[in-house]
């Protein structure tokens, strides 16, 4: 769109047919709803040259028109008045209130409008929202952020009150509201549109954990704590409602979806039982600060019990080497396993992360064969960005680091320090941002 | 009857953009085939290039790769195309 609309070069965009509706939405939101485009069947990846030539020789699966005729017409056919005007518009202003109705009907309206996660919600009455708003010093009409679901989508804005409405819907209590406001004000959505079905993770540190009764111990990642569950759910609801919606096939393209998206794996770090400094202190905050850290990706989990003598190095190395090379690495350690790592000589979190970075190496030929590495890393390598350029020049049989050092991290949560078995996981969570909660009190 | 608040945020205003003037014909023109470098998009563009070679040999096609990953803007490549080309086909944008 930029090449055509800004640089003045007639352009046709090619897409796969599964992305028809999201393409329609993106071009409209960029004021170019008539941007010329043509579609081939899904997928392109993995097809032979002959199969791809059949795509090119065949018809656009959406219109039935020969694919190349659409391409050529898109570059040469005369423009209409609508083409040269573009389309400026303003979506209908969002009303403050919903039309009054019976409770059951309101629940149906919220579900029909896709304002929920399909689970029952608490209706955001004026009284409930007012109680939520009383938990912050910020004014209800203060615009606190902008968010969008897709990289080329339009940013949507929101006020403190809009965040409060979503917090009420999630079932959150007013005392949780500063944490939820901090998440919202970050502008970072928990509902990426990626076909890879990414999700978010949220880690809370500092005094606020105990002030609002969060669980840092047994079952912290499970459905056993009101604050953990509803803060995470509020983040999910506000991410879809404050950024223009999250509709499968239109504005959400995750192939399988992700169960983590309901509550975004929200928990508080067990700072007291950790052998290391708290996670937020490692990010430059004081131990007395309250913070919330957001992580992305969250595709998968690898699991282990303990660190067996004589085997643990090989075991951990195999776990790391078994991950997709585009993954991120977050060690999620219960206190016993964190102490086991410390007893192996990792007296600081950084020592463990340095070791993992060195351990996670595979032959260069294997690394560059990962599809997501080809999509996201190879372009950077071929244009000289280090360390990827050097990795690309490495002989195929020689080892390269799978993950950037700064994409490896660790948190401590759950369990008891004297538990008989130290359970731990590696979750493909990418630390994106740590922000203050205190400024939202 | 219950009154509740609307949970939806506020959309931005969208400014309309005109499409670039189209070409009268592709004869003798140079078309850049821009590989977004996503999910083997370059392999599809090679077949588009083959199609032009077979059916419209007067058209010059040049495959270029984006300098960025697929979702990022790439003004260097757009400037090159504007300076050296007449039209572009960009794919696969998903």
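Chains as they are written, first to last, in this note's numbering: chain Y, 435 to 875; chain H, 53 to 146. In this text, a Cβ means the ideal position worked out from N, Cα and C, and glycines have one as well.
Beta carbons nearer than 8 Å to chain H: which residues of the stretch 514 to 541 of chain Y have them? 517, 518, 519, 520, 521, 522, 523, 524, 525, 527, 528, 529, 530, 531, 532, 534, 535, 536, 537, 540
Would you mind stating whether residue 29 (chain H) and residue 557 (chain Y) have Cβ atoms separated by less than 8 Å? Because chain H is modelled from 53 through 146, residue 29 (chain H) falls outside the range shown and cannot be assessed.
Exposed or buried, which one is residue 749 (chain Y) when buried takes at least 16 other CB atoms within 10 Å? exposed
Quick one, which residues of the stretch 89 to 101 of chain H are near chain Y if we go by CB-CB under 9 Å, in chain order? 89, 90, 91, 92, 93, 95, 96, 97, 98, 99, 100
Could you tell me which residues DSSP pairs with residue 665 (chain Y) in its beta bridges? DSSP output for residue 665 (chain Y) lists no bridge partner at all.
Helix, strand or coil for residue 456 (chain Y), going by three-state DSSP, please let me know. helix
Does the Cβ of residue 553 (chain Y) have 16 or more other Cβ atoms within 10 Å, making it buried, or fewer, making it exposed? exposed
Contacts of residue 68 (chain H) in chain Y (Cβ-Cβ under 7 Å): 465, 519, 520, 521, 522
Rounded distance between the beta-carbons of residue 82 (chain H) and residue 138 (chain H), thought under 8 Å: 5 Å
For the stretch 757 to 767 of chain Y against the stretch 798 to 812 of chain Y, do three or more pairs of beta-carbon atoms, one drawn from each stretch, fall closer than 8 Å, so that the two count as touching? yes
Just curious, the beta strand (DSSP E) that residue 861 (chain Y) is in, first and last residue? 857 to 870
Can you say whether residue 628 (chain Y) is buried or exposed, counting buried as having 16 or more other CB atoms within 10 angstroms of its CB? buried
Since residue 141 (chain H) sits in a beta bridge, which residues does DSSP pair it with? Y:446, H:85
Indicate the three-state DSSP secondary structure (helix, strand or coil) for residue 489 (chain Y) in the structure shown. helix
Residue(s) in a DSSP beta bridge with residue 846 (chain Y): Y:767
Check the Cβ of residue 424 (chain Y) against every Cβ in chain H and list those closer than 9 Å, keeping chain order. The question about residue 424 (chain Y) has no answer, for chain Y in this structure spans 435 to 875.
Report yes or no: is there a C-beta of chain H within less than 8 Å of the C-beta of residue 419 (chain Y)? Beyond the ends of chain Y as shown, which are 435 and 875, falls residue 419 (chain Y); an answer cannot be given.
Looking at chain H, is there any beta carbon in it that lies within less than 8 Å of the beta carbon of residue 436 (chain Y)? yes
Given residue 657 (chain Y), which residues of its chain have a CB within under 7 Å of its CB, disregarding the five upstream and five downstream residues? 663
Beta bridge counterpart(s) of residue 473 (chain Y) as assigned by DSSP: Y:449
Could you compute how far the alpha carbon of residue 819 (chain Y) sits from the alpha carbon of residue 793 (chain Y)? 23 Å
Continuous beta strand (DSSP E) assignments of at least 3 residues falling wholly in the stretch 552 to 607 of chain Y: 577 to 581, 590 to 593
Taking C-beta pairs closer than 7 Å, name the residues in chain H that residue 760 (chain Y) reaches, listed in chain order. Result: empty, since nearest Cβ-Cβ is about 12 Å, beyond 7 Å.
Helix, strand or coil for residue 714 (chain Y)? Go by DSSP, reduced to three states. helix
Use the C-beta contact count for residue 480 (chain Y): other C-beta atoms within 10 angstroms, 16 or more gives buried, fewer gives exposed. exposed
Of the residues that make up the stretch 114 to 137 of chain H, which ones have a beta carbon closer than 9 Å to any beta carbon in chain Y? 117, 118, 119, 120, 121, 122, 123, 124, 125, 126, 127, 129, 130, 131, 133, 134, 137
Does any CB atom of chain Y fall closer than 8 Å to the CB of residue 110 (chain H)? no
Between Y:632, Y:668, Y:704, which lies nearest to residue 651 (chain Y) when the distance is taken from Cα to Cα? Y:704
Assumed close pair residue 588 (chain Y), residue 678 (chain Y) - CB separation to whole angstroms, cut-off 8 Å: 7 Å
Could you check what DSSP says for residue 753 (chain Y) in three-state terms: helix, strand or coil? helix
From this set, Y:830, Y:559, Y:789, which residue's C-alpha is nearest residue 797 (chain Y)'s C-alpha? Y:830
Taking only runs that begin and end inside the stretch 86 to 118 of chain H, name each unbroken beta strand (DSSP E) of 3 or more residues, in chain order. 112 to 117
Backbone secondary structure at residue 692 (chain Y) - three-state DSSP: coil
Using 8 Å for Cβ pairs, my map puts residue 617 (chain Y) next to residue 636 (chain Y). What's the rounded Cβ distance? 7 Å
Strand pairing of residue 835 (chain Y), partner residues [DSSP]: Y:795
With a threshold of 8 Å between beta-carbons, can residue 686 (chain Y) be considered close to chain H, or not? no
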